[in-house]
Amino acid sequence: MKIKNESIVIRNGKKKIELTNLILDAYLNQFADSQISTAKAVLTKNRKFLNYCLLKFDTPLTDYDETSRIPNEQFSICLMDGANVNQVGNEKKVTIQYDYVFNVSSSLWDYENKDSGMNLSQFYNKKITAIGFNVWWTPTIQDEFEPVCAILDVSDYNIYLQENQEFSITRKDVIETDIEFYSPSDKIKYPVHIAPKNIENLYLPPLAMWKYWDDVAYPILYSIGFSNEKDKILEEHIIANDEMYCRADTNKLYINNVNILESVPRIFLPHFLSFTPQRSAYKYIVLKYKIYQQLFDNSGEDITSTMVDSGYYYHCIMPITEYGKKSIVISYERRN
Numbered sequence: 321m322k323i324k325n326e327s328i329v330i331r332n333g334k335k336k337i338e339l340t341n342l343i344l345d346a347y348l349n350q351f352a353d354s355q356i357s358t359a360k361a362v363l364t365k366n367r368k369f370l371n372y373c374l375l376k377f378d379t380p381l382t383d384y385d386e387t388s389r390i391p392n393e394q395f396s397i398c399l400m401d402g403a404n405v406n407q408v409g410n411e412k413k414v415t416i417q418y419d420y421v422f423n424v425s426s427s428l429w430d431y432e433n434k435d436s437g438m439n440l441s442q443f444y445n446k447k448i449t450a451i452g453f454n455v456w457w458t459p460t461i462q463d464e465f466e467p468v469c470a471i472l473d474v475s476d477y478n479i480y481l482q483e484n485q486e487f488s489i490t491r492k493d494v495i496e497t498d499i500e501f502y503s504p505s506d507k508i509k510y511p512v513h514i515a516p517k518n519i520e521n522l523y524l525p526p527l528a529m530w531k532y533w534d535d536v537a538y539p540i541l542y543s544i545g546f547s548n549e550k551d552k553i554l555e556e557h558i559i560a561n562d563e564m565y566c567r568a569d570t571n572k573l574y575i576n577n578v579n580i581l582e583s584v585p586r587i588f589l590p591h592f593l594s595f596t597p598q599r600s601a602y603k604y605i606v607l608k609y610k611i612y613q614q615l616f617d618n619s620g621e622d623i624t625s626t627m628v629d630s631g632y633y634y635h636c637i638m639p640i641t642e643y644g645k646k647s648i649v650i651s652y653e654r655r656n
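Residue numbers for the sequence shown follow my numbering, so the first one is 321 and each next one is one higher.
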């Protein structure tokens, strides 16, 4: 998988500036880790969805690169209202656009004052030196934090918050793969595990009034198999929730212990090294992803949740072109 920030468009009064930002490794890691298990998928740190926009005033960010783990409080304020989002996809790519609008009605968090009651007018005439994007807004708590996912240095562009002037940011990302895709349902139109917003509620059966579905569904790598047809798996090995067999390390997903005879240093999605199962007559390796929905129950003193198999699934298919038993390592990377 390759992710590219196609554009950041900043509208500041009559001024319009179009740039691109630096996607940090902390964001790439989420794509690998979030598909390992249902428990991993719902973690805040694996949300993938850049719902929060941060602004830094006066002094620029310094001493950072793509490996940096930057806490939110390195910025000055965060837009708490979230983004207006449009996500579309097909078999080969997902495109997502976020629109962040700052105005006097915006809900903001002030990191310096640790206060959520701030009005945008209190920051008028402040110079914006950097913009950040993250899946969550909280500052560091007991040495734990969700690192900023993408940053943009705008210290040379003389951007100021001013009264009666529009200030908004539009972010557009494109996530691509060359891997083949199959879904038996028209509700699943793209490989959901590469989509920042996953997929909207699948509208499973109605519930008692004290139960409700999460508003998104979660794709989990359920099994690896071999087949001669793209819509079927003839030999299937269940790997869901088994981190000894399927694990993530930084931005890489490892599928291990599939009768491995020799190791492979690394491969890049969608350019897979060849992999052959026990019977060389098979034509394809098939990764099966199941879609799970989180079900909440507030009938007791505490709200509880369970992950429910929605019945929806899709396949990611790789051709077998070389024989011999190998491991699979998939890397999730930025594209310039």
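Ideal placement from N, C-alpha and C gives every residue a C-beta, glycine not left out.
According to DSSP, A568 sits in a beta bridge with which residue or residues?
Sequence index remark: in the sequence shown, residue 568 carries index 248 (1-based). Per DSSP, L573.
Could you check the C-alpha separation between H557 and H635 for me, to the nearest Å?
Position 237 of the sequence shown, counting from 1, holds the residue named residue 557. Position 315 of the sequence shown, counting from 1, holds the residue named residue 635. If you take the alpha carbons of H557 and H635, they lie about 14 Å apart.
According to DSSP, is C636 part of a helix, a strand, or is it coil?
As a first step, residue 636 is located in the sequence shown; it is residue number 316 there, counting from the start. Strand.
When the distance is taken between beta carbons, is T415 closer than 7 Å to V329?
Start at 1 with the first residue of the sequence shown, and residue 329 comes out as number 9. Start at 1 with the first residue of the sequence shown, and residue 415 comes out as number 95. Between V329 and T415, the C-beta spacing is not below 7 Å.
How would you call R367, buried or exposed, if buried means at least 16 neighbouring beta carbons within 10 angstroms?
To locate residue 367, count along the sequence shown from 1; it is residue 47. Result: buried.
Cβ atoms of F501 and E411: under 7 Å apart, would you say?
Position 91 of the sequence shown holds residue 411. Position 181 of the sequence shown holds residue 501. Taking 7 Å as the Cβ cut-off, E411 and F501 qualify as a contacting pair.
Whole angstroms is fine: what's the gap from R331's alpha carbon to S619's?
Here residue 331 refers to the residue found at position 11 when the sequence shown is read from its first residue. Here residue 619 refers to the residue found at position 299 when the sequence shown is read from its first residue. Per the coordinates, the alpha-carbon of R331 lies some 46 Å from the alpha-carbon of S619.
Span of the beta strand (DSSP E), counted from its first residue to its last, around Y502:
Looking up residue 502 in the sequence shown gives position 182. Note, Y502: beta strand (DSSP E), 500-502.
Based on Cα-Cα distance, which residue from D617, Y609, E555 lies nearest to I262?
Outside the shown range of the chain (321 to 656) lies residue 262, about which nothing can therefore be said.
Output the boundary residues of the alpha helix (DSSP H) element that contains Y347.
Your numbering for residue 347 matches position 27 in the sequence shown. For Y347, the enclosing alpha helix (DSSP H) covers residues 345-353.
Given a cut-off of 7 Å on the beta-carbon distance, is the pair I397 and D430 in contact?
One-based indexing of the sequence shown puts residue 397 at position 77. One-based indexing of the sequence shown puts residue 430 at position 110. Yes, the pair counts as a contact, with Cβ atoms nearer than the cut-off.
Tell me which residue opens and which closes the beta strand (DSSP E) that T358 is part of.
Along the sequence shown, read from residue 1 onward, the residue named residue 358 stands at position 38. For T358, there is no enclosing beta strand (DSSP E); the residue is found in the alpha helix (DSSP H) stretching over 358-361.
When you compare each of L428, Q462, A403, K335 to P391 by their alpha carbons, which one comes out closest?
In the sequence shown, the residue the question calls residue 391 occupies position 71. P391 has its Cα closest to that of Q462, out of L428, Q462, A403, K335.
If we ignore side chains and look at the alpha-carbon of each, how far apart do I640 and R654 end up?
Indexing the sequence shown from 1 puts residue 640 at position 320. Indexing the sequence shown from 1 puts residue 654 at position 334. Looking at the backbone, the Cα of I640 and that of R654 are separated by about 26 Å.
Taking buried to mean at least 16 other C-beta atoms within 10 Å of its own C-beta, is L581 buried or exposed?
Looking up residue 581 in the sequence shown gives position 261. Residue confidence is low: L581 scores 27 on pLDDT, short of 50, so the model does not pin down where it sits. No coordinate-derived value is stated.
In three-state terms, what does DSSP make of N325?
Your numbering for residue 325 matches position 5 in the sequence shown. N325 falls in the strand class under three-state DSSP.
Over the uninterrupted beta strand (DSSP E) stretch that includes G437, give me the two end residues.
Position 117 of the sequence shown, counted from the first residue, corresponds to residue 437. 435-438 is the span of the beta strand (DSSP E), which, as asked, contains G437.
Checking 7 Å against the spacing of the C-beta atoms, do Y542 and V649 come in under that value?
Mapped onto the sequence shown, residue 542 falls at position 222. Mapped onto the sequence shown, residue 649 falls at position 329. Not in contact: Y542 and V649 (Cβ atoms no closer than 7 Å).
Less than 7 Å between the C-beta atoms of D345 and T387, yes or no?
Numbered from 1 along the sequence shown, position 25 holds the residue referred to as residue 345. Numbered from 1 along the sequence shown, position 67 holds the residue referred to as residue 387. Yes, these two residues count as a Cβ contact at 7 Å.
What's the call for R389, buried or exposed, on a 16-neighbour Cβ count within 10 Å?
For this step, residue 389 is matched to residue 69 along the sequence shown. With fewer than 16 other CB atoms across the displayed protein chains lying within 10 angstroms of its CB, R389 is exposed.
Excluding five sequence neighbours on each side, which residues of the same chain lie with their C-beta closer than 8 Å to the C-beta of E520?
On the sequence shown, residue 520 is found 200 positions in, with the first residue counted as 1. Only residues of its own chain outside the window of five on either side were considered, and among them D535, V536, A537 have a CB closer than 8 Å to the CB of E520, listed in chain order.
To which residues of the same chain is Q485 closer than 6 Å at the C-beta, ignoring the five residues directly before and after it?
If you number the sequence shown from 1, residue 485 lands on position 165. Result list for Q485: G333, in chain order.
Keeping to the same chain, check which residues put their C-beta closer than 6 Å to that of F588; ignore five residues upstream and five downstream.
The residue you call residue 588 lines up with position 268 of the sequence shown. Unreliable positioning characterises F588 in this predicted model, as indicated by a pLDDT of 40, which lies under 50. A coordinate reading is not provided.
Classify A470 as buried or exposed, calling it buried when 16 or more other Cβ atoms lie within 10 Å of its own Cβ.
Sequence index remark: in the sequence shown, residue 470 carries index 150 (1-based). Buried.
Taking only runs of the alpha helix (DSSP H) that begin and end inside the segment 392-447, which ones reach a length of at least 4 residues, in chain order?
Those alpha helix (DSSP H) runs which fall completely within the segment 392-447 and span 4+ residues do not exist here.
Whole angstroms is fine: what's the gap from K324's alpha carbon to T626's?
Here the question's residue 324 lines up with position 4 in the sequence shown. Here the question's residue 626 lines up with position 306 in the sequence shown. As the crow flies, the alpha-carbon of K324 is around 34 Å from that of T626.
How is V606 classed by DSSP in three states: helix, strand or coil?
For this step, residue 606 is matched to residue 286 along the sequence shown. Strand.
Who are the Cβ neighbours of F351 in its own chain at under 6 Å, not counting the five residues just before and after it?
As a working mapping, residue 351 is identified with position 31 in the sequence shown. Closer than 6 Å at the Cβ level, and outside the excluded window around F351, lie Y652.
What residue range does the beta strand (DSSP E) around L541 cover?
Indexing the sequence shown from 1 puts residue 541 at position 221. For L541, the uninterrupted beta strand (DSSP E) segment begins and ends at 531-547.
Could you have a look at N332 and say whether DSSP puts it in helix, strand or coil?
By 1-based counting over the sequence shown, the position of residue 332 is 12. For N332, the three-state secondary structure derived from DSSP is strand.
May I have the straight-line CA-CA distance separating T379 from Y420, to the nearest angstrom?
As a position in the sequence shown, residue 379 is number 59, starting the count at 1. As a position in the sequence shown, residue 420 is number 100, starting the count at 1. C-alpha separation (whole angstroms): 22 Å.
Rounded to the nearest angstrom, how far is the Cβ of L481 from that of L440, given a contact under 8 Å?
Position 161 of the sequence shown, counted from the start, is the residue given in the question as residue 481. Position 120 of the sequence shown, counted from the start, is the residue given in the question as residue 440. Rounded, the Cβ-Cβ distance is 7 Å, consistent with contact.
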